[in-house]
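Everything on this sheet refers to the single structure shown next.
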Amino acid sequence: MVNYFCYNGKYSYEYGLIVSGIKTFGSPQRKVEVLHVAGRNGDILFDEGTYDNIYVSYDVYITDNFKTKARDIRGWLLSSGGYHRLTDSYNTSYYRQATYFNSLDYDVIDHLMTQGKATITFYAMPQRFLTSGENAVTKTASGSITNPTQFPSRPLIRAYSTGSMTINGYSITISSISSYVDIDCDTMQCYKGTTNCNGNVTIDEYPVLNSGSNTITLTSVTRIDITPRWWTL
76 MVNYFCYNGK YSYEYGLIVS GIKTFGSPQR KVEVLHVAGR NGDILFDEGT
126 YDNIYVSYDV YITDNFKTKA RDIRGWLLSS GGYHRLTDSY NTSYYRQATY
176 FNSLDYDVID HLMTQGKATI TFYAMPQRFL TSGENAVTKT ASGSITNPTQ
226 FPSRPLIRAY STGSMTINGY SITISSISSY VDIDCDTMQC YKGTTNCNGN
276 VTIDEYPVLN SGSNTITLTS VTRIDITPRW WTL
């Protein structure tokens with residue numbers, strides 16, 4: 076099996092890279108401020124409950140046609156900014172949102188300059204998203220949905236009718252709709268495509284899906300699709 080990573084829709088093997096992903100299993104650091112107080116045992120912790128970004132690195136090797144492939148790889152990694160989807164063959168059930176903005180320096184292996192090696196390091200969001208969390212779960216009646224991770228997720232909810240519902244006690248009322256409305260609990264926006272629908276939805280607080288079972292009550296909304304966006308570290 077040829078190991079690989081895929082970034083922004085392109086696979087490393089398309090560029091002839093041999094990949095080692097042994098540096099992809101680390102975890103991010105929790106955001107905690109430590110305050111030392113003179114004359115007091117221990118420290119005071121201010122825990123934000125969030126995590127720092129993480130560096131994800133791959134050792135790569137080019138075994139032929141080094142100059143051309145190195146040029147093409149630079150173009151692939153540096154031609155667009157912002158976060159992009161990052162997957163690899165080492166963690167096939169997960170994906171990250173990552174960006175690449177570093178310089179890329181190779182060690183040339185042979186005197187003919189046909190082979191080289193480097194470390195490609197991505198700057199990634201702390202979450203390791205489950206690919207299973209991309210699958211929408213349809214509800215046409217009250218019930219529950221189970222979060223298999225230890226971390227609360229912020230789902231995307233698509234509702235297909237007006238009415239009211241609650242998720243874990245968070246109340247949502249939809250007053251007007253054209254086919255459907257998307258309620259994005261991560262960006263805290265309501266929309267249909269590019270149309271802003273915030274004025275059509277009343278929400279006490281955008282719900283999260285906690286670890287374990289989560290209660291869904293459809294009072295007068297007839298159907299919702301929940302894309303749960305499960306994640307872990």
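Residue 76 is where the sequence shown starts when you use our numbering, and the numbers rise one by one after that.
Each residue gets a CB set at the ideal place from its N, CA and C atoms; glycine is no exception.
Quick caveat: nothing in here was measured; it's all calculated off a predicted structure.
Backbone secondary structure at residue i - three-state DSSP
{"i": "A193", "result": "strand"}
{"i": "G157", "result": "coil"}
{"i": "A199", "result": "strand"}
{"i": "I148", "result": "helix"}
{"i": "G274", "result": "helix"}
{"i": "F204", "result": "strand"}
{"i": "S87", "result": "helix"}
{"i": "T269", "result": "coil"}
The beta strand (DSSP E) enclosing residue i, as first and last residue numbers
{"i": "L308", "result": "Where L308 is concerned, there is no enclosing beta strand (DSSP E), given that its DSSP letter is neither H nor E."}
{"i": "I249", "result": "Y245 to I249"}
{"i": "F80", "result": "F80 to Y82"}
{"i": "D300", "result": "I299 to T302"}
{"i": "Y130", "result": "I129 to I137"}
{"i": "S239", "result": "G238 to I242"}
{"i": "L187", "result": "Neither: L187 is in no beta strand (DSSP E) and is coded neither H nor E."}
{"i": "R233", "result": "L231 to A234"}
{"i": "S228", "result": "Here S228 belongs to no beta strand (DSSP E), and DSSP marks it neither H nor E."}
{"i": "T213", "result": "V212 to K214"}
Buried versus exposed, by CB contacts within 10 Å (16 or more), residue i
{"i": "Q225", "result": "exposed"}
{"i": "P230", "result": "buried"}
{"i": "D185", "result": "exposed"}
{"i": "A234", "result": "buried"}
{"i": "Y169", "result": "buried"}
{"i": "P303", "result": "buried"}
{"i": "N271", "result": "exposed"}
{"i": "L153", "result": "exposed"}
{"i": "R160", "result": "exposed"}
{"i": "L205", "result": "buried"}
{"i": "D261", "result": "exposed"}
{"i": "G96", "result": "buried"}
{"i": "N289", "result": "buried"}
{"i": "L120", "result": "exposed"}
{"i": "Y133", "result": "buried"}
{"i": "T221", "result": "exposed"}
{"i": "V135", "result": "buried"}
{"i": "F80", "result": "buried"}
{"i": "D118", "result": "exposed"}
Same chain, Cβ closer than 6 Å to residue i, five either side skipped, listed in chain order
{"i": "D122", "result": "V107"}
{"i": "I278", "result": "I247"}
{"i": "W305", "result": "L205, G208, T224 and S228"}
For residue i: DSSP bridge partner residues
{"i": "E108", "result": "F121"}
{"i": "Q334", "result": "As displayed, the chain neither begins before 76 nor continues past 308, which places residue 334 out of reach and without an answer."}
{"i": "T174", "result": "Y198"}
{"i": "N222", "result": "G287"}
{"i": "D163", "result": "F80"}
{"i": "T292", "result": "T241"}
{"i": "K98", "result": "S132"}
{"i": "I93", "result": "Y136"}
{"i": "Y169", "result": "L205"}
{"i": "S217", "result": "None, per the DSSP bridge assignment."}
{"i": "S253", "result": "Y255"}
{"i": "Y126", "result": "R105"}
8 Å CB neighbourhood of residue i in its chain, flanking five on each side removed
{"i": "Y181", "result": "I137, F141, A145, G191, K192 and A193"}
{"i": "N128", "result": "P103, Y198, A199, M200 and P201"}
{"i": "G91", "result": "I137, T138, D139, N140 and K144"}
Other residues of its chain near residue i: CB distance less than 7 Å, five sequence neighbours each side excluded
{"i": "S32", "result": "The structure shown does not extend to residue 32, since the chain spans only 76 to 308, so no value can be given for it."}
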